[in-house]
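Once you know that position 223 of the sequence shown is 222 in numbering that gives the first Met the number 0, the rest is easy, because the numbers rise by one and skip nothing.
Ideal Cβ placement from N, Cα and C applies to all residues, glycine included.
Structure record follows, encoded as structure tokens.
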Amino acid sequence: MTRKKILVTGGAGFVGSHLCERLLNEGNEVFCLDNFFTGQKQNIVHLLDNPFFELIRHDVTAPFFIEADEIYNLACPASPIHYQYNPIKTMKTSVMGAINMLGLAKRIKAKILQASTSEVYGNPLVHPQPEGYWGHVNPIGERSCYDEGKRAAETLFIDYNKQNQVDIKIIRIFNTYGPRMHPNDGRVVSNFIVQALQNQDITIYGQGQQTRSFQFIDDLVEGMIRMMASGDHFPGPVNIGNPVEFTILELAEKVIQLTGSQSKIIHKPLPSDDPMMRQPDITLAKKELDWSPKIDLDEGLIKTIEFFKSDLFKLEPENIYEEIM
Ligand code: NAD
Ligand code: UDP
0 MTRKKILVTG GAGFVGSHLC ERLLNEGNEV FCLDNFFTGQ KQNIVHLLDN PFFELIRHDV
60 TAPFFIEADE IYNLACPASP IHYQYNPIKT MKTSVMGAIN MLGLAKRIKA KILQASTSEV
120 YGNPLVHPQP EGYWGHVNPI GERSCYDEGK RAAETLFIDY NKQNQVDIKI IRIFNTYGPR
180 MHPNDGRVVS NFIVQALQNQ DITIYGQGQQ TRSFQFIDDL VEGMIRMMAS GDHFPGPVNI
240 GNPVEFTILE LAEKVIQLTG SQSKIIHKPL PSDDPMMRQP DITLAKKELD WSPKIDLDEG
300 LIKTIEFFKS DLFKLEPENI YEEIM
């Protein structure tokens, strides 16, 4: 077997750390690049002893050079509180990061995969969302730095493919959860689990009738690897998500039940431009990648709850938040 050299930007984050682990387990050499804005050393500390793992502190908005066969471009804060903290930087990370990584891929002739997002569909008017849907996105709202940054990155990927024949792959990731989510990054699954484990109020924004379709991390990583391995006839974009849809209220009730928590549900104002529904159409992923998610919400939530209960969740959320900001 040949050992591939693989660069993972954003490798110390939630998704990136699982991907690095899987790629190493498959016998590859992994370069994990991260500026540690939302990533944590704790996510990858167990990989540091592996001689085929290398950690590089770098910001993707600056050019970078390395020899690699494949690049997974994940660097970008993903939770609304983090990407809205410095919206200009978020846009720079998506756009300049894409330009720098595509330039690198072109120069070294590497295959490159972009971690795009269901947010490119905005607050969708088509349901479920197929890849052919162009979306319904506010260009000047709270979420625009992330949504439009990711849309621009997709454009860059497609144009580097057409103009410079770079071997590109685009996946649109739908809400993903699992161990190593940042306990204080504000995303709904981590918020609800942390609140439930501490018997604090569960904060539903709005009435909780908005929907999301939650995918467990292992299913996503499998989809990413299959997409990278697919032939060059299929650059994507392709949706990678679990099509089983829940209201946020249903999620809250499930988390309370699975944790046996005494928490009460309270309601807070719905943030602006919060999408009312989201569900992937995964027909294309099934056909082209023979991929579909295997882990249902109960099974995935139980694994995630175990993580937050375990020794890994040592720090108080308040302290972790201060560390990042
Ligand atoms: P995360 O915040 O845990 O990970 C992002 C990583 O990128 C962090 O380690 C962070 O430090 C790093 N990073 C941020 N800006 C950087 C920069 N300028 N230079 C170098 N590194 C930088 O988020 P995640 O959930 O692991 O998301 C990973 C990728 O997947 C992101 O691109 C995100 O947009 C995409 N995605 C995730 C989801 C999801 O539900 N988790 C959904 C859709 C898309
Ligand atoms: N949400 C909520 N309570 C929380 C955090 C989030 O009700 O404590 C809602 C949020 O308004 C959104 C959904 O849960 O409707 C998913 O939010 P998240 O930030 O996880 O992902 P995204 O909105 O980017 O899909």
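- prompt: Bridge partners of residue 121, per DSSP?
  reply: Here the question's residue 121 lines up with position 122 in the sequence shown. Beta-bridge pairing by DSSP links residue 121 to 135.
task: Could you tell me the distance, in whole angstroms, from the CA atom of residue 27 to the CA atom of residue 53?
output: The sequence position of residue 27 within the sequence shown is 28, counting from 1. The sequence position of residue 53 within the sequence shown is 54, counting from 1. Spanning the two alpha carbons is a distance of roughly 12 Å.
message: Using a Cβ-based criterion (distance less than 7 Å to any ligand heavy atom), does residue 243 qualify as near ligand 1?
response: Taking the sequence shown and counting its residues from 1, the one referred to as residue 243 is at position 244. No, ligand 1 has no heavy atom inside 7 Å of this Cβ.
- prompt: Could you give the residue range of the beta strand (DSSP E) that holds residue 2?
  reply: As a working note, residue 2 is residue 3 in the sequence shown. Looking at the DSSP string, residue 2 is not in any beta strand (DSSP E), and its letter there is neither H nor E.
task: Please say whether residue 35 and residue 182 have beta carbons closer to each other than 8 Å?
output: One-based indexing of the sequence shown puts residue 182 at position 183. One-based indexing of the sequence shown puts residue 35 at position 36. Taking 8 Å as the Cβ cut-off, residue 182 and residue 35 do not qualify as a contacting pair.
CA-to-CA distance, residue 226 to residue 288, given in whole angstroms: As a position in the sequence shown, residue 288 is number 289, starting the count at 1. As a position in the sequence shown, residue 226 is number 227, starting the count at 1. Using only the alpha carbons, I get a separation of about 7 Å.
field: Where residue 152 falls, given that 16 or more other Cβ within 10 Å makes a residue buried
entry: For the purposes of this step, residue 152 is taken as the residue at position 153 of the sequence shown. Residue 152 comes out buried.
query: Can you tell me whether residue 171 is buried or exposed, with buried defined as 16 or more other CB within 10 angstroms of its CB?
result: Position 172 of the sequence shown holds residue 171. Per the 10 Å Cβ criterion, buried.
Best match in 259, 92, 8 for proximity to residue 305 [C-alpha to C-alpha]: Here residue 305 corresponds to residue number 306 of the sequence shown, with the count starting at 1. For residue 305, the nearest C-alpha among the options comes from 259.
Cα-Cα separation, residue 6 to residue 255: Here residue 6 corresponds to residue number 7 of the sequence shown, with the count starting at 1. Here residue 255 corresponds to residue number 256 of the sequence shown, with the count starting at 1. Going by the C-alpha atoms only, they are around 39 Å apart.
field: Check: residue 174 C-beta below 7 Å from any heavy atom of ligand 2
entry: Residue 174 sits at position 175 when you count from the first residue of the sequence shown. The answer is yes for residue 174.
Sub-8 Å separation of residue 271 and residue 141 beta-carbons: Working through the sequence shown from its first residue, we reach residue 271 at position 272. Working through the sequence shown from its first residue, we reach residue 141 at position 142. Taking 8 Å as the Cβ cut-off, residue 271 and residue 141 qualify as a contacting pair.
task: Pull up the distance between the alpha-carbon of residue 264 and that of residue 196, whole angstroms please.
output: Counting from one through the sequence shown, the residue named residue 264 turns up at place 265. Counting from one through the sequence shown, the residue named residue 196 turns up at place 197. Near 14 Å, if we compare the C-alpha coordinates of residue 196 and residue 264.
message: Give the list of continuous alpha helix (DSSP H) stretches no shorter than 4 residues that lie fully inside the segment 66-106.
response: Counting whole runs of 4 or more residues, the segment 66-106 contains the alpha helix (DSSP H) stretches 79-82.
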